[in-house]
Structure formats: C-alpha cells, structure tokens
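Asks:
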Amino acid sequence: MAHPTEDKNFRLPLTVRPQRYAATLTLDLEAKTFSGQQTVDVTLAEPTREIILHAISLKLGDVTFRAKGGASHKPASIQVNAVSETVRLTFDAPLPQGEAQLDVAWTGPFTDGLRGLYAAGKVAATQFEAADARRVFPSFDEPAFKAKWSLSVRVPQGLAVLGNGPVVKEEQDGALTKVTFQETEVLSSYLIALVVGPLVGTPVEHVGTVPVRTWALEEKKHLTRFGQDVALAVLPRLQEYFDLPYAFTKVDQVGIPDFEAGAMENAGLITYREVALLLDPATAPLSVQKRVAEVVTHELAHQWFGNWVTMVWWDDLWLNEAFATWIAFKIVDQWRPEWRMWLDFDSHRTSALFLDALKSTHPIHGEVNNAGEAGESFDAITYEKGGAVLRMIEGFLGEGPFRDGIRLYMRRHARANAVKEDLWSALGEAAKQPVEELATAWVGQSGFPLVTARVEGREVSLSQERFYSEPGVASDEKWPVPMVLRYEDASGVKEQRVLLRDKQATVKLEAGSGAVKWLCANAGSTGFYRVAYDKATLAGLSANLHVLAPSERISLLADQWALVRSGRATVGDMLDLAALFGNEEDDSVLDELVGRLAYVESRLVEGEDQARVRAWVARLLGPGLEKLGWQALAGETDRVKLRRAALVRALGGLAREPKVLEEARRRVTSMLKGERDALEPNLLDAAVSMAARAGDSELFDTFLQRMPKEPDPATQRRYLMALTAFEEPALAERARALFFSDTVKTQDVASFATGLLANRTGRESWWAQMRKQWKDVVARTGGAPMLVRRIVESLGMLLTREHLDAVRTLLKEQPVNDAQQATAQTLERLSQDVELRERCGPEVSAWLKRQP
Numbered sequence: 019m020a021h022p023t024e025d026k027n028f029r030l031p032l033t034v035r036p037q038r039y040a041a042t043l044t045l046d047l048e049a050k051t052f053s054g055q056q057t058v059d060v061t062l063a064e065p066t067r068e069i070i071l072h073a074i075s076l077k078l079g080d081v082t083f084r085a086k087g088g089a090s091h092k093p094a095s096i097q098v099n100a101v102s103e104t105v106r107l108t109f110d111a112p113l114p115q116g117e118a119q120l121d122v123a124w125t126g127p128f129t130d131g132l133r134g135l136y137a138a139g140k141v142a143a144t145q146f147e148a149a150d151a152r153r154v155f156p157s158f159d160e161p162a163f164k165a166k167w168s169l170s171v172r173v174p175q176g177l178a179v180l181g182n183g184p185v186v187k188e189e190q191d192g193a194l195t196k197v198t199f200q201e202t203e204v205l206s207s208y209l210i211a212l213v214v215g216p217l218v219g220t221p222v223e224h225v226g227t228v229p230v231r232t233w234a235l236e237e238k239k240h241l242t243r244f245g246q247d248v249a250l251a252v253l254p255r256l257q258e259y260f261d262l263p264y265a266f267t268k269v270d271q272v273g274i275p276d277f278e279a280g281a282m283e284n285a286g287l288i289t290y291r292e293v294a295l296l297l298d299p300a301t302a303p304l305s306v307q308k309r310v311a312e313v314v315t316h317e318l319a320h321q322w323f324g325n326w327v328t329m330v331w332w333d334d335l336w337l338n339e340a341f342a343t344w345i346a347f348k349i350v351d352q353w354r355p356e357w358r359m360w361l362d363f364d365s366h367r368t369s370a371l372f373l374d375a376l377k378s379t380h381p382i383h384g385e386v387n388n389a390g391e392a393g394e395s396f397d398a399i400t401y402e403k404g405g406a407v408l409r410m411i412e413g414f415l416g417e418g419p420f421r422d423g424i425r426l427y428m429r430r431h432a433r434a435n436a437v438k439e440d441l442w443s444a445l446g447e448a449a450k451q452p453v454e455e456l457a458t459a460w461v462g463q464s465g466f467p468l469v470t471a472r473v474e475g476r477e478v479s480l481s482q483e484r485f486y487s488e489p490g491v492a493s494d495e496k497w498p499v500p501m502v503l504r505y506e507d508a509s510g511v512k513e514q515r516v517l518l519r520d521k522q523a524t525v526k527l528e529a530g531s532g533a534v535k536w537l538c539a540n541a542g543s544t545g546f547y548r549v550a551y552d553k554a555t556l557a558g559l560s561a562n563l564h565v566l567a568p569s570e571r572i573s574l575l576a577d578q579w580a581l582v583r584s585g586r587a588t589v590g591d592m593l594d595l596a597a598l599f600g601n602e603e604d605d606s607v608l609d610e611l612v613g614r615l616a617y618v619e620s621r622l623v624e625g626e627d628q629a630r631v632r633a634w635v636a637r638l639l640g641p642g643l644e645k646l647g648w649q650a651l652a653g654e655t656d657r658v659k660l661r662r663a664a665l666v667r668a669l670g671g672l673a674r675e676p677k678v679l680e681e682a683r684r685r686v687t688s689m690l691k692g693e694r695d696a697l698e699p700n701l702l703d704a705a706v707s708m709a710a711r712a713g714d715s716e717l718f719d720t721f722l723q724r725m726p727k728e729p730d731p732a733t734q735r736r737y738l739m740a741l742t743a744f745e746e747p748a749l750a751e752r753a754r755a756l757f758f759s760d761t762v763k764t765q766d767v768a769s770f771a772t773g774l775l776a777n778r779t780g781r782e783s784w785w786a787q788m789r790k791q792w793k794d795v796v797a798r799t800g801g802a803p804m805l806v807r808r809i810v811e812s813l814g815m816l817l818t819r820e821h822l823d824a825v826r827t828l829l830k831e832q833p834v835n836d837a838q839q840a841t842a843q844t845l846e847r848l849s850q851d852v853e854l855r856e857r858c859g860p861e862v863s864a865w866l867k868r869q870p
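Taking the numbering used here, the leading residue of the sequence shown gets 19, the next gets one more, and so forth.
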C-alpha cells in the first residue's frame, strides 16, 4: 500500500543524503534493456526505518543496507509508488544515524521516448533533465542531492563510449567491453550522462589543460569542425568571466540523431540535437552558424551556472537558464562582434514579451510542485524574459559590478546549491546597490509594464501600467523600471537614465539645450517593457527613423504592433508606420517588418484583400530586391547577404511575386542538380520553401528521397519542412500521411505538425485528422515534455472562431495533462488572434483601398 503522503508533489526527506554513487550498467542494445548494480554512500541525519529512492520502470533485485562498522540490513518490504515515482525501502529495525552504504541491483528497459536511456537510431543516449535519471538509476533524483558519481558501463565491443569523466580503464569482459570513467565532482543526478554508439570524434585539442572533442556519426564527422572551434574560442572567455577554471576535466560535445531539446549541459558530456552542433560553414546560412555558436556557448556557460552552482529546486530553474541565455549572447558578441548578436537577443525576447502579455503567463520564479510541472517551465519566460531581466539589471548596476557579483556568487556557493536570494545578495554586495528591490519585482511578478511617454518642451511625462495583449484588461501593478531615454536636441544626441518607480513621473531632460527633435524611451531596446508614445512624439520618431539604432527601429515596430493587438492603436496606424520603411537597409529591421506584414497577410485578410496586401508589399519592398539582385557579388558583406534574404522572403514568401517565385524555382532546380553557386546559403530556406509551395510531385519526391540521405542536419530539416509546404492538394495529403511514419523523427513531430497546419490548402484536412487522432498525435512525441507542449501550441496556427471553438472542445474532452500551462496559453492566444482578425480585417481592407 502506498504511503499516504506520496502524491505527485512528493519531495524526498532530507534525513538521508547521498554522498557517492559507484554504479555499473550493462546495456543490451539489441533487446533495449539494461541491468545495474550500485553502492551508494549515504549519510543518515537521524535513525530511520525507511529509505526512499526515485525509480520509474525499474525492477529492484537484491538490496542491502550496510552501516559503517555495523551490521547489514535487508528491507522487509519494497513498495513502489507510481504517482510519486518512488520506491520505499522499509526495514524491521531503525537504521543507525551516520555514514552507511546502500547496495542495489536492478533491471530496466530503454525508454520509448527521448528521455531516460533511449535509442536514437544507431546511438544509445541519456537525457535526464528534469527528472529522468530515475528511469535508469534508483537514485535521489532531485537537484539538491548532489553527490559524486563513479560509473562503469558494459557494452558490445567496437563502439565509442562517453561519460561525464574521461575513461580511466577499458577492459574486455567476456563478449563485452567494460569502460570505467573517472569519478565526477559532486553533481545533481540530472547532469549524469552516457552516450554509446558508432561515433567519431575530432582530434583532441586543449584549452589550457582541458581536452575538447566534438563527436558525430561517421558520415557526419566533416561537420564537427565549426562546433569544435566555437568551444575552443568561448571556453577561455567563460573562464575569464567567472574567474574560475573549468571544473569537469574534459569537454565532449556529441550530436545525437534524435533529441528533444536543442542541447543538454551534462557535466563534461554535452549532448546536442545535430542541427544545433553540426554544420559546414561554407554552405550554412549565417543564422545557422549563429545559432550553433549561441547554443554551444549556452551549454558551456551551464558548466558554471547550473553544474558548479546548482539550484535547490526547479522553481529556480531560471537561475540556470536565464543566466546561460544572457551570457551566451554576451560571449559570442565578444567573439564575433560583426554578427550583432544582441539584435538576435532582441528577436528572441519578442517571444517572451508576447507570452508575458497573456493572463495565463507565469513569473520567472514561480511555484513548481513536482517534476511534471518542472517540464513546463522550459519556456520563453524562463529563458528569454529571464535573460532580458538579467541584462536590464546589468545595465542598471554596470558591467563591472555585475560581473563581480557573479564571481562572488560562484565562490560562495561552489559545489553546492543556491536560491535566487543568494544571487541578489552577492550582486548587491558587489555593486553596493539595492538589487533585491529591482530583482524581486521583475522575477517574482508576472507580466511587464507599458510605459507611456510624452515630450512637452524639455520634460518627459512618463506613466506605467501592466500591459495585456487582450483589449480592455487593466491592472494596478507597477515595477521599478530602469529606463534609458535617448533624444536629440540642438546640442546633439544625449542619453539620460531614469528609474521609474511610481505610476507616473515627470522627468526633466538635464543634458543639452533647445527643442527636443525626437525621443526614444527605450534606448538600445534593453528594457523589458513596451512603449506607447503620444501622437506628436511618435511623429518625431517616425520622421527620424534614419538616426535611430536598428534595435530601436525594431522596438518601434514591435511596440506599435503590440498596441494594435491590445486595441490601443489601429492597424491603419501600424501600416502607416510600416510604409515608412520602404528604403530600410538593415536586415534585422527588415526581418521584423516582414514578420509583422506576414501576419497581416496570412491571418487578417483573405481573397481580394489578401491580393491587395501582397501587391502593396511588392510596391514597398520590390525596388530593394531589384537593386540587389539574387546573385551575391565578390566581397559582399554578411549585412548585404542577409538584407537580400529578407527581401526574398518578403517578395516571394509574403507577396508571392510571380517573377520571384519563378526565379526561386529555377535556382532550387539548379541547386538540386549540384550547382553550388545557384543559391547563396542565406537564401536556401526561403527559396526551398517557396519552390515547394508551388511545387509538383517530382519536386516532392526529390525532397522526400534526399532528406534522409543528407548528412547536413540543417539541409535535412529544410527538406523535411518543405514537404509540409506543398499546396497541391494531393501532395499536401501525402505530407500528412508522413506524420505517422518513420520519415519524421520524434524530435521533429511538433515542427512537422505545425508546418501542416500552416499549409493553406491542407490545413482543414490535417486539422480534421488531428481531431480524430488527437491521442495518437500527442503520443507521437513519445511523452517528451517540450514536444508535447509544442504540439498543443501548434493549434495556434488555426484562424477562425469555428477553429477556436473546436480547439476548446478538443482540449476539454481530451486534455493533455502534461501541457496544462501550454493549453491555457494557446487557448488565450488563439482567442485573441480570432478577435484581432474579426476586428482588424475590415480596417485593413479600408486602409488598402485608400492607397494609391
């Protein structure tokens, strides 16, 4: 009978703590099973008659408790509790206080999904975060229970075997090879990892004394150099930032053929989805190179922030992820300043602003009751909002004091666990500033402010309120808002810092003199807030777009769109602003512009109005592409290449200009015939997608046949997603049939489902099939929490009120229990999108008719 306290929110008692695991695993790769034996050194704070371990789908064999210098004890009973994912070992007599050892033998199966120990094609790999070490080891599987791990593994001969530490012994053991790894530093169980398979590594290179290697399957070994170079470049920079040497003896980076997340920061053995690690820089778009660099740096940053100093519980997951998100952009920007990584950071932050404007959002630091809820915390609030808030705090404290505070935090909590207050204390001590006031409001409070700014002479009237994307929703909440005002007057461009604590304030512009020509209330776009300007102040900005920084132009467009969504501005106002960007030359600003206009074309209008939007976009941006042409010139900068790519997306993907579509198809055909110069790498994604949309069965078959054979994961993904884009009804039907086939790996099912829902001719048929087979669609994720969440979120691609009603019915009658938060957010977002379509569709139509 289960213990009455062991519900899904059960937490392990602190009376028994592990100090060291010594474990041997034997893997049967054919049967996809394993057996294990381990001795756990434990410390009992007081006498107890029971020891509770986490375990899922493990069958325990012989168990013995051995007190130090005392007798051995066998459990009188072993009780399994599936709800709390534990086994309770109960003994007839109290076990003595002090040091002891617990011997456990067990067997278990590989996991069908992408967690625990699972098969990813030819590779066996582990994924334990948040709470899946318990699928392989009977263990104390909570982050607070850090211990050393001494691991051996017995596997078939001839395979690469990778663990957290370097191999210290390899020996033949019958028909198997037994590999023993060096004992680790103290680690939480979710950071333990094992990878076994026919993998090939780069030659060993060193950062100081730390050996670094990057691994992949044999056919992909030529794609490992870039990820290896990133690690070699950024690891010294991270060591310098933290003022602490790397602690985990080696760095192995491994591309896993089927993987849930982007990557996982296992100490010393970082695992990646292949597309996040492997590429050929000669053919990879710059966006792919930047993404790989950012992910590699993110995971290496975790070796300090997360692995060396670890959260106590999952409510402080953001301590890991927000910091790694922020510092990855900072370090890559130092390494490659020409990449302008902070503009990418701003783009990522947009997803957090969008999510955090919902009533169903959550604080950065929120209550997490159990491991299942922890899985729902891996979202844009934890990563992007958390990172943006840290950037904002750094801007308030100064770069040096902020870094000194991080270093103090690292020294103070080395090898241990920490909570958010520990970080605030270290930052405040180093900076001699009241950090807790600023941080607590932003980390503990949902949402963010809308700051209204109005210039009157040399004074700026500011006010704040919580921003909701739903029209008519109000709140009395406020924040301490660190603002940087940038403006131009008779003496030039000036900046002034303001900490807006109250609901309203009037700020006198101290520097400079004369009339204010324009004012930006979020200079550099570093603040996590929206800005609404009065008509005159907005007109001043609109007339001086050329002197605003690219990040400020992006924020101006994004904030104006947010005001449209919330009913505070008309879509005509937004389109009037967009019309001023016809000569825009910055690729990042063009990306923002095209993204907003694509929403108008795809979701707000149809029929003749859709055709009018396309024609208007063609008139606005067509001259830019005509000027640049499709062919990159010798010595052309990345900025120019990316501008061309944005314009191709605008003219071909959004406006569907016949000449652009024809050119895309011609160049894709040439590329498929082996003409490498037919498409500049930054045009590949857009051109392949555009060609697919109007493509025939021959092109469909070409993508389908080439996709699994492609060694380059970005190319493979490009062809896979192109299969969802064919608008010929028969081909859209063929794509739908692939969803339940081995053609679509588990890692790709959510993206593939989203692509099918984005297909304008295939949407209704796929939506009907999803409703009929909803449980099968969800099951296709293998239970991977991130993928389950994204399947639910894919329903946001639907358009109409009829769709909304059907989604509500589906998720009520067949709820997805592991995605309750995603369900609430998807329903709220879709409801707002439907309302926006009904409200703004006629406005767009009227605006278009007024255009020349």
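No residue lacks a Cβ here, since even glycine has one placed at the ideal position from N, Cα and C.
Keep in mind the model is a prediction, meaning the values are calculated, not measured.
In angstroms, rounded to a whole number, what distance separates the CA positions of A281 and R291?
Replies: 6 Å
Asks: Please state whether DSSP places R172 in a helix, a strand or coil.
Replies: DSSP, read as helix, strand or coil, puts R172 in strand.
Asks: Just verifying my parser: in three-state terms, what is the DSSP assignment at W331?
Replies: coil
Asks: How many Å lie between N601 and G642 at the Cα?
Replies: 7 Å
Asks: Taking all protein chains shown into account, decide if P229 is buried (16 or more other Cβ within 10 angstroms of its Cβ) or exposed.
Replies: exposed
Asks: Quick one: what's K77 bridged to in DSSP?
Replies: T125
Asks: Let's test the definition: count the other Cβ atoms within 10 Å of the Cβ of L697 and tell me whether it reaches 16, buried, or not, exposed.
Replies: buried
Asks: CB-CB under 6 Å to A193, same chain, minus the five flanking residues each way: which ones, in chain order?
Replies: none
Asks: Checking 7 Å against the spacing of the C-beta atoms, do Q850 and S487 come in under that value?
Replies: yes
Asks: Go ahead and pull the three-state DSSP assignment for V204.
Replies: coil
Asks: According to DSSP, is V197 part of a helix, a strand, or is it coil?
Replies: strand
Asks: Measure the beta-carbon distance from L503 to A550 and round it to whole angstroms, keeping in mind my assumption that it falls under 8 Å.
Replies: Wrong, their Cβ atoms sit about 15 Å apart, outside the cutoff.
Asks: Go ahead and pull the three-state DSSP assignment for I210.
Replies: Looking at I210 - three-state DSSP - the assignment turns out to be coil, as it is neither helix nor strand.
Asks: Between A20 and K727, what straight-line distance do the alpha-carbon atoms span, to the nearest angstrom?
Replies: Model confidence at A20 stands at a pLDDT of 42, short of 50, so the residue's coordinates are unreliable and nothing is read from them.
Asks: Could you tell me whether the Cβ atoms of L67 and P112 are closer together than 7 Å?
Replies: Contrary to the premise, residue 67 reads as Arg rather than Leu in this sequence. Less than 7 Å separates the beta-carbon of R67 from that of P112.
Asks: Quick check on P156: does DSSP put it in helix, strand or coil?
Replies: coil
Asks: Within its chain, find whatever has a CB closer than 7 Å to the CB of S715; leave out the 5 residues flanking it on each side and keep chain order.
Replies: L749
Asks: For Q352 and K166, what's the separation of their Cα atoms in angstroms?
Replies: Answer to the nearest angstrom: the Cα atoms are 35 Å apart.
Asks: Between L672 and E626, how many whole angstroms is the CB-CB distance? I'm expecting something under 8 Å.
Replies: Not really, about 17 Å apart at Cβ, beyond 8 Å.
Asks: Under a three-way DSSP split, which group does P731 fall into?
Replies: helix
Asks: Using the beta-carbon count (16 or more within 10 Å), is G475 buried or exposed?
Replies: exposed
Asks: Could you work out which residue in V293, A840, A457 and D270 is closest to E283 when comparing CA atoms only?
Replies: Considering only alpha carbons, the answer is D270.
Asks: Below 7 Å between beta carbons: does that hold for V252 and T343?
Replies: no
Asks: I need the straight-line Cα distance from R484 to S378, nearest angstrom please.
Replies: Cα to Cα, R484 sits roughly 14 Å from S378.
Asks: Please determine whether the Cβ atom of A41 lies at a distance below 6 Å from any heavy atom of the ligand NAD.
Replies: As for the ligand NAD, it is missing from this structure, which has no ligand bound.
Asks: Based on the DSSP output, what are the partners of G219 in its beta bridges?
Replies: W233
Asks: Could you check what DSSP says for L817 in three-state terms: helix, strand or coil?
Replies: coil
Asks: Could you give the uninterrupted runs of the beta strand (DSSP E) lying entirely in the region 485 to 539, keeping only those of 3 residues or more?
Replies: 499 to 507, 510 to 518, 522 to 526 and 536 to 538
Asks: What is the rounded straight-line gap between the Cα of P870 and the Cα of P452?
Replies: 56 Å
Asks: L361 to L611, Cα distance in whole Å?
Replies: 14 Å
Asks: To the nearest angstrom, report how far apart V806 and L335 are at their CA atoms.
Replies: Near 20 Å, if we compare the C-alpha coordinates of L335 and V806.
Asks: Excluding the 5 residues flanking S102 on each side, which residues of the same chain have their C-beta closer than 7 Å to its C-beta?
Replies: The answer, listed in chain order, is E24, D25, K26 and F28.
Asks: If we ignore side chains and look at the alpha-carbon of each, how far apart do W326 and W233 end up?
Replies: 24 Å
Asks: Only counting runs of 4 or more residues, tell me where the alpha helix (DSSP H) segments fall wholly within the region 325 to 406, in order along the chain.
Replies: 335 to 353, 359 to 374 and 389 to 393
Asks: Would you mind reading off the limits of the alpha helix (DSSP H) that contains D609?
Replies: Note, D609: alpha helix (DSSP H), D605 to Y617.
Asks: Around the C-beta of G532, are 16 or more other C-beta atoms found within 10 angstroms, so that it is buried, or is it exposed?
Replies: exposed
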